[in-house]
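In UniProt numbering, the protein residues as written are 1 to 159. Notes follow once the structure below has been shown.
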Amino acid sequence: MNIINESGILALSTRLQRLSEQLRKDGALIYKEFGIDFEPKWFPVILTLHHKKTASVVEIANEIGYSHPSTISLLKELEKQQLIISKKDKKDERKRLVELTEKGLDLVEKMQPVWKLMSVVLGDISDSKNNLLNAIEEVEENLSTQSFIQRAKQMINNK
1 MNIINESGIL
11 ALSTRLQRLS
21 EQLRKDGALI
31 YKEFGIDFEP
41 KWFPVILTLH
51 HKKTASVVEI
61 ANEIGYSHPS
71 TISLLKELEK
81 QQLIISKKDK
91 KDERKRLVEL
101 TEKGLDLVEK
111 MQPVWKLMSV
121 VLGDISDSKN
131 NLLNAIEEVE
141 ENLSTQSFIQ
151 RAKQMINNK
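Okay, structure coming up:
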């Protein structure tokens, strides 16, 4: 065991980040194995546009839970790869609408069987006695009612 693992709950964020990086790295290798040139960091935007067809930048940021600047950075990267296209909203000139290009749609088509495989494998990995996905959902729900910082401040104030 290492210090991070021995630190228990204090190192939760570090361990989740480590797990996330491992899954991302392996995910990239799986895409490569299937001959698909795809960066796992693009996944939330591509999946969102696959389901919504067209969405504004703000809608995408809200959907994927990223900040507006992070979302814009990701969108610029996807636009450079010609996987998405953005255009001004006819109803509101300030608003940009984003959708998958033909290349993006083709990519999603190629990825469908890979996503099915990944879902099965991830289901197998996370199907433990504590079920990781259920635990994450519970923690996210707890944080949605009161954030980490709010809880910490409340404990300080209650002393």
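For each residue, glycine too, the CB sits at the ideal point set by N, CA and C.
Span of the alpha helix (DSSP H) around residue i
{"i": "THR71", "result": "68-80"}
{"i": "ALA61", "result": "57-64"}
{"i": "ILE3", "result": "3-6"}
{"i": "ASN158", "result": "First-last for ASN158: undefined, no H or E at that position."}
{"i": "LEU49", "result": "43-52"}
Best match in the options for proximity to residue i [C-alpha to C-alpha]
{"i": "VAL121", "options": "ASP26, GLU99, ASP92", "result": "ASP26"}
{"i": "VAL58", "options": "LEU105, LYS32, HIS68, GLU6", "result": "HIS68"}
{"i": "ALA28", "options": "MET111, LYS95, LYS159, THR48", "result": "MET111"}
{"i": "LEU132", "options": "ASN2, SER7, SER20", "result": "SER20"}
{"i": "PHE38", "options": "ILE125, ASP106, ASN158", "result": "ASP106"}
Cβ distance (whole Å) where residue i is taken to contact residue j below 8 Å
{"i": "ILE36", "j": "VAL98", "result": "In fact, because the Cβ distance is near 21 Å, the residues do not count as touching under 8 Å."}
{"i": "SER86", "j": "GLU93", "result": "Contact doesn't hold; Cβ gap of about 13 Å is too wide."}
{"i": "LYS103", "j": "LEU74", "result": "Rounded, the Cβ-Cβ distance is 17 Å, inconsistent with contact."}
{"i": "LEU100", "j": "VAL108", "result": "7 Å"}
{"i": "ARG96", "j": "LYS88", "result": "6 Å"}
Residues near residue i in its chain [Cβ-Cβ closer than 8 Å; skip 5 each side]
{"i": "GLU138", "result": "none"}
{"i": "THR71", "result": "VAL45, VAL57, ILE60, ALA61, ILE64"}
{"i": "HIS50", "result": "LEU100, VAL108"}
{"i": "ILE30", "result": "VAL114, LEU117, MET118"}
7 Å CB neighbourhood of residue i in its chain, flanking five on each side removed
{"i": "ILE4", "result": "ALA11, THR14, ARG15"}
{"i": "ARG24", "result": "PRO40"}
For residue i, the first and last residue of its enclosing beta strand (DSSP E)
{"i": "ARG96", "result": "96-100"}
{"i": "ILE36", "result": "It is not in any beta strand (DSSP E) - ILE36 carries neither H nor E in the DSSP assignment."}
{"i": "SER144", "result": "Premise fails: SER144 lies in the alpha helix (DSSP H), 132-145, not in any beta strand (DSSP E)."}
{"i": "ILE84", "result": "84-88"}
Residue i, buried or exposed, once every other Cβ within 10 Å from all chains shown has been counted against 16
{"i": "ILE46", "result": "buried"}
{"i": "THR145", "result": "exposed"}
{"i": "ALA55", "result": "buried"}
{"i": "PHE34", "result": "exposed"}
{"i": "PHE148", "result": "exposed"}
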